[in-house]
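Inspection log for the structure reproduced underneath, given as structure tokens.
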Amino acid sequence: MTLIQAEQIMRDGPGHTRLPHATGYSHGAAFINGQFCGIDTAAIPITDVGFLHADAAYDVVSASAGQLFRLPDHLARFEQSCAAFRLRNPYNESETTAVLTRLLQLAGTREAYVWWCVTRGAMPDSGSERGDPSAYRNCFYAFVIPYLYIADDATRNRGLDLHVSERYIRIPEKAVDPTAKNFHWMDMKLSLFEARDRGADFSVLLDTEGNLTECPGANLFLVRDGQLYSPDSGCLAGITRATVLELAAELGLPAHLTRLPVAALHRADEAFLTSTAGGIMPVNSVDGRTLGSGGPGPLTTQLHNRYWQKRWAGWHGTPVDYSAASPSSETH
Ligand code: PLP
Numbered sequence: 002m003t004l005i006q007a008e009q010i011m012r013d014g015p016g017h018t019r020l021p022h023a024t025g026y027s028h029g030a031a032f033i034n035g036q037f038c039g040i041d042t043a044a045i046p047i048t049d050v051g052f053l054h055a056d057a058a059y060d061v062v063s064a065s066a067g068q069l070f071r072l073p074d075h076l077a078r079f080e081q082s083c084a085a086f087r088l089r090n091p092y093n094e095s096e097t098t099a100v101l102t103r104l105l106q107l108a109g110t111r112e113a114y115v116w117w118c119v120t121r122g123a124m125p126d127s128g129s130e131r132g133d134p135s136a137y138r139n140c141f142y143a144f145v146i147p148y149l150y151i152a153d154d155a156t157r158n159r160g161l162d163l164h165v166s167e168r169y170i171r172i173p174e175k176a177v178d179p180t181a182k183n184f185h186w187m188d189m190k191l192s193l194f195e196a197r198d199r200g201a202d203f204s205v206l207l208d209t210e211g212n213l214t215e216c217p218g219a220n221l222f223l224v225r226d227g228q229l230y231s232p233d234s235g236c237l238a239g240i241t242r243a244t245v246l247e248l249a250a251e252l253g254l255p256a257h258l259t260r261l262p263v264a265a266l267h268r269a270d271e272a273f274l275t276s277t278a279g280g281i282m283p284v285n286s287v288d289g290r291t292l293g294s295g296g297p298g299p300l301t302t303q304l305h306n307r308y309w310q311k312r313w314a315g316w317h318g319t320p321v322d323y324s325a326a327s328p329s330s331e332t333h
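Count along the sequence shown from 1, then add 1; that gives the number in our numbering.
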């Protein structure tokens, strides 16, 4: 079995291509302080502490073939992330969905990366109010751009080469809770630069005890003797990870969320990453050691193809109504 060339299908396939949109929205659409605008003109107020202090919660859902994937799960996780950081979304779930839908209509993207956040809001006038959550007015921002792939078709076909970071660990739960989706990315970004410096594609972060956690913007799975394993802590509860667990159950593959030492990854038969931005992404090697016979493993390939086929058949999908308003009627 070979991998479905998902990126190519999403670019050229019938039912996937981009719908008409105003020129101001060719790179995407944004929603800033209650106003819709083209993404090229979107700007965040500089005193928003979301920007100054990474004081925010966010989430990302994808659309393919004009259907949002697992939108209710992303909305629920977003509310949990806000609660963990004592943030309040000024919009309820149906208002949030209406904003995201309008952005998809404006951008005309049936293949889309749909991002939204709530920040703490502007710095209070007096420094003494900084410690009072009620002194802030939490702000909502969102944008939609054409779908982003962490690993494109060519990279998925050969499999990612991973580097386990030697310099960085994933931020511990008692510092910034990684199960709440947050703006703290410096550990992940610097480990990614380290991986690229070593000639690898992507990094893996361990916890303080040397157990696997996750990768920059993605969960990690390994396959050993026909069973799936993924870390149970120190990482985001990824919606794609949950999807893989459902697919594994359908295929009768035992799957475990558990504590995993780094050695388990080095001796895995197969491994893959999961993320909204790319789905299921096969691994070729870890720290220079090829897994199995290299390239996408057979179970990874099966899960990858099933993931896209089921999504395109409407599984967990919320269809987007693109007809609601003419994009050119929006002012910006
Ligand atoms: N881990 C982190 C740190 C992430 O930021 C993400 C997604 O961006 C993931 C894992 C994967 O989560 P999901 O499958 O919900 O996109």
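The beta carbon of each residue, even a glycine, is placed where N, CA and C say it ideally should be.
Asked	Found
Since residue 204 is in the beta strand (DSSP E), which residue starts that stretch and which ends it?	203–207
Could you work out which residue in 73, 114, 108 and 46 is closest to residue 65 when comparing CA atoms only?	114
Please say whether residue 251 and residue 150 have beta carbons closer to each other than 9 Å?	no
When you compare the stretch 246–260 with the stretch 289–299, are there three or more beta-carbon pairs, one atom per stretch, that lie closer than 8 Å?	no
Suppose the cutoff is 6 Å on Cβ atoms and the five residues either side in sequence are ignored; what does the same chain contact list for residue 160 look like?	283, 284, 285, 296 and 297
On the CB-based measure, 16 or more other CB atoms within 10 Å of its CB, does residue 109 come out buried or exposed?	buried
Any contact between the stretch 157–176 and the stretch 123–143? By contact I mean 3 or more CB pairs, one from each, below 8 Å.	no
Between which residues of its own chain and residue 131 is the CB-CB distance below 7 Å, once the five residues before and five after are set aside?	125
Just the C-alpha distance for residue 28 and residue 106, rounded to the nearest angstrom, thanks.	13 Å
Short check: CB of residue 167 to CB of residue 210, under 9 Å?	no
On the premise that residue 52 lies in contact with residue 181, defined as a C-beta separation below 8 Å, what is that separation, rounded to the nearest angstrom?	With a Cβ gap of about 18 Å, residue 181 and residue 52 do not count as contacting.
Quick check on DSSP: helix, strand or coil for residue 54?	helix
Any chance the CB of residue 318 is under 8 Å from a heavy atom of the ligand PLP?	no
Looking at C-alpha atoms only, which residue of 73, 84 and 310 is the closest neighbour of residue 134?	84
Would you check whether the ligand PLP has a heavy atom nearer than 8 Å to the C-beta of residue 217?	yes
Would residue 198 and residue 122 be called neighbours here (beta carbons separated by less than 9 Å)?	no
Would you say residue 220 touches the ligand PLP, meaning its beta carbon is less than 8 Å from a heavy atom?	yes
So if DSSP puts residue 140 in a beta bridge, which residue, or which two residues, is it bridged to?	120
Helix, strand or coil: how does DSSP classify residue 33 here?	strand
Closer than 7 Å by C-beta to residue 242: which residues in its own chain qualify, once you throw out the five before and the five after it? Chain order, please.	220, 231 and 275
Just to confirm the assignment: which complete alpha helix (DSSP H) runs, minimum length 4, are found wholly within the stretch 220–262?	240–252
On the three-pair Cβ rule with 8 Å, is the stretch 298–308 touching the stretch 163–179?	no
Mapping DSSP to helix, strand and coil, what is residue 282?	strand
Quick one, are the C-beta atoms of residue 30 and residue 144 less than 9 Å apart?	yes
For the putative contact between residue 308 and residue 246, defined by C-beta atoms under 8 Å, what is the C-beta separation to the nearest angstrom?	Not confirmed; about 12 Å, so no contact.
Compute the minimum distance between the beta carbon of residue 294 and the heavy atoms of the ligand PLP, and state whether it is under 8 Å.	no
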